[in-house]
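Under the UniProt record's numbering, read the sequence shown as residues 1 to 205, first letter to last.
Here's the structure, in structure tokens; my notes come after.
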Amino acid sequence: MSETRQRAATERADDAALRAKILETADRLYYTLGIQAVGMDTLRAETGVSLKRLYALFPSKESIVEEVLLARHRMWNTLVEDAVTGTGTREHLLAIYDMLARWFDQDDFRGCMFINSFGELGATTPRVAEIVRSHKGQFQARLAELVAEAGAPASLAPQLAILAEGAQTTAAIAGTGEAARQAREAAEILIDAALRPREQADGPA
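Laid out in structure tokens, this is it:
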């Protein structure tokens, strides 16, 4: 590799590491303090990166917000898939609420980043609203797949999604993880009611 190409590769690696540091810091601050409370000056102070460098890596604060939300989306998908892997069909659905319970019990839990972001910026920042709607839509679509695997009617998926979304908001306001247990109990009732007709149909004549 020529010296010029090696220098360019090193600069790209440095840029990637710096971007990752900035996004990690932005995620923490946005989640803890709120997006509107954290300006570029705050990011500069927290990261030690000059404003000139920040704007060279990210064209605007909005672009940072978008990347933080997209990273959160990937993290959420991983949590969901880890929760449902290796369980039975009915348990697939209930495992979502067990995952929520573990999340709610974390010391830094401040509610759903997507709900929080939509509340702050959804009316004025179309791209943020689009990302939030896409995230929530994909979660409901994943629930629909799990519901279909369990052999339950499609109408169960949005009901379970509403329970999960409501639990996140309730837990953030109440400051306890009790909402996850309550949502799980409600989900069990809905799931069992949805599966009962199929079980009766499969039973002895």
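C-beta atoms are modelled at their ideal positions from N, C-alpha and C, and glycine is treated no differently.
In this text the structure is predicted, and so the values were computed from the model without any measurement.
Item: Can you tell me whether Leu143 is buried or exposed, with buried defined as 16 or more other CB within 10 angstroms of its CB?; Value: buried
Item: Along the chain, where does the alpha helix (DSSP H) that runs through Arg110 open and close?; Value: Segment: none, Arg110 is in no alpha helix (DSSP H) and carries neither H nor E.
Item: Tell me the residue span of the alpha helix (DSSP H) that contains Gln36.; Value: Per DSSP, Gln36 belongs to no alpha helix (DSSP H) and is neither H nor E.
Item: Answer yes if the segment 60–75 comes into contact with the segment 116–134, meaning at least three C-beta pairs across the two stretches below 8 Å, and no otherwise.; Value: yes
Item: Pairs of beta-carbons, one from the segment 85–95 and one from the segment 148–157, closer than 8 Å: are there three or more?; Value: yes
Item: Just to confirm the assignment: which complete alpha helix (DSSP H) runs, minimum length 4, are found wholly within the segment 58–140?; Value: 61–84, 89–104 and 113–121
Item: In three-state DSSP terms, what is Gly151?; Value: coil
Item: Residues in its own chain within less than 7 Å of Met40 by CB, not counting five upstream and five downstream?; Value: Leu51, Leu54 and Lys61
Item: Just verifying my parser: in three-state terms, what is the DSSP assignment at Thr25?; Value: helix
Item: Would you tell me roughly how many angstroms separate the C-alpha atoms of Gln182 and Val49, rounded to the nearest one?; Value: 45 Å
Item: Excluding five sequence neighbours on each side, which residues of the same chain lie with their C-beta closer than 8 Å to the C-beta of Gln140?; Value: Ala157, Pro158 and Ala161
Item: Mind checking which residues open and close the alpha helix (DSSP H) that includes Gly48?; Value: Neither: Gly48 is in no alpha helix (DSSP H) and is coded neither H nor E.
Item: Out of Ile96, Thr87 and Ala172, state which residue places its alpha-carbon closest to the alpha-carbon of Trp76.; Value: Ile96
Item: Quick one: grab the DSSP three-state call for Gly166.; Value: helix
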